[in-house]
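Data first, discussion second: the structure below is written as structure tokens.
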Ligand code: SF4
Ligand code: SF4
Ligand code: SF4
């Protein structure tokens, strides 16, 4: 091999090595970018999580995320129950979150607008949970020394009414949500109000009672408006919190809260350890 041929071969090897290096770099940048995208996707889904509706008996969300092993047994039980309106057992209330659902991936949830919870009396989705993420205690009552499952104890969320889009607030007679509710006249009642606009008609206003509503979403599913005017939200989002400073003195149950409330409302900081005179006069010269 001539000197020239040997040099040409060496430079070809260098070029092909450089190409390989550049290609590897490009691949790793691609993988990093993909990882970044996946991570961003994960964060986006995690941020959306508070809007999620969990199965009956679910423990509070932060515990749920630690306890749920994403086995899917609750969703399987929901799908395979005899009472599933989908006789082919292909669809069910509970589904496992997939990428793009905007929920923590692999965890069970339901969307009432697609398929609500039918409040099965035997609640097949709960006892199959192997970890207690779905807790039988939360959907049980004591009956003559026996503990029995009671779906009415479920608190999957709370139905709220958008007064602007609910046609009952326009004076149109509609009680679709009221009739769909399994706890009719308990979780949701109709309130009569005089229609001042016509002077001769009455409004029939749906009112949801937060202490009874299970969050099943059958009302949301039945709502006749284009986008439901009644919809279920997680309790944390649907409800405010009065705190311990206001107690209804006329309500014995509410008065009970006084015993659980700490009356010490002061904020402890590093500075609270000092006497005010120690730090208020700091740096002040009286000369
Ligand atoms: S109670 Fe609701 S979520 Fe559970 S199996 Fe029945 S329909 Fe499914
Ligand atoms: S059965 Fe329990 S652990 Fe399994 S996916 Fe459902 S909630 Fe999670
Ligand atoms: S979510 Fe709607 S249908 Fe279900 S219990 Fe509450 S008010 Fe009734």
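In this note's numbering, the protein residues as written are 2 to 288. We put the beta carbon where it would ideally sit given N, CA and C, even for glycine. Quick caveat: nothing in here was measured; it's all calculated off a predicted structure.
| Query | Result |
| --- | --- |
| Tell me whether the stretch 161 to 172 and the stretch 221 to 228 touch, counting them as touching only if at least three CB pairs, one residue from each stretch, are closer than 8 angstroms. | yes |
| Per the DSSP calculation, residue 84 is bridged to which residue(s)? | Its beta-bridge partners do not exist; DSSP assigns none. |
| If we count Cβ pairs, one from each stretch, closer than 8 angstroms, do we get three or more for the stretch 101 to 114 versus the stretch 70 to 88? | yes |
| Do you know how far the Cα of residue 210 is from the Cα of residue 290? | A question about residue 290 goes unanswered here, because the residues of the chain that appear run from 2 up to 288. |
| Cβ of residue 207 within 8 angstroms of Cβ of residue 162? | yes |
| Any idea what DSSP makes of residue 192, helix, strand or coil? | strand |
| Rank 66, 95 and 87 by C-alpha distance to the C-alpha of residue 57 and give the top, closest one. | 95 |
| Given a threshold of 16 other Cβ atoms within 10 Å of its Cβ, counted over all protein chains shown, does residue 156 qualify as buried or as exposed? | buried |
| Flag residue 80 as yes when its Cβ comes closer than 7 angstroms to any non-hydrogen atom of ligand 2, and as no otherwise. | no |
| Near residue 113, which residues of its chain fall below 6 angstroms by C-beta distance, leaving aside the five closest residues on each side in sequence? | 218, 221, 222 and 233 |
| If residue 215 sits next to residue 124, beta carbons under 8 angstroms apart, how far is it from one beta carbon to the other, in whole angstroms? | Residue 215 to residue 124, Cβ: 11 angstroms. No contact. |
| Ligand 5 heavy atoms versus the CB of residue 234: any closer than 7 angstroms? | No copy of ligand 5 appears in this structure; the ligands present are ligand 1, ligand 2 and ligand 3. |
| Which residue from 255, 144 and 101 puts its Cα closest to that of residue 244? | 255 |
| Which partner residues does residue 166 have in the DSSP bridge list? | Looking at the DSSP assignment, residue 166 forms no beta bridge with any residue, so it has no partner. |
| Mind checking whether residue 238 and residue 51 have CB atoms under 8 angstroms apart? | yes |
| Would you say the beta carbon of residue 94 comes nearer than 7 angstroms to a heavy atom of ligand 2? | no |
| CB residue 189 to CB residue 202, shorter than 8 angstroms? | no |
| Would you check if the stretch 73 to 92 and the stretch 116 to 123 touch, i.e. whether three or more CB-CB distances between them fall below 8 angstroms? | yes |
| Can you tell me the Cα-Cα spacing of residue 37 and residue 99, whole angstroms? | Residue confidence is low: residue 37 scores 48 on pLDDT, short of 50, so the model does not pin down where it sits. Its coordinate-derived value is still stated next. Their Cα atoms are separated by approximately 18 angstroms. |
| Identify whether residue 56 lies in helix, strand or coil by the three-state DSSP scheme. | coil |
| Less than 7 angstroms separating the Cβ of residue 183 from some heavy atom of ligand 3? | yes |
| Verify the CB distance criterion: does residue 102 have a CB-CB separation below 8 angstroms to chain C? | No chain C appears in this structure, which consists of one protein chain only. |
| Near residue 195, what residues of its chain come up, given a Cβ to Cβ distance below 7 angstroms and the 5 sequence neighbours on each side ignored? | 203 |
| By DSSP's criteria, residue 110 is part of a beta bridge. Which residues make up the other side? | 96 |
| Which residues mark the beginning and the end of the alpha helix (DSSP H) in which residue 238 is found? | 236 to 239 |
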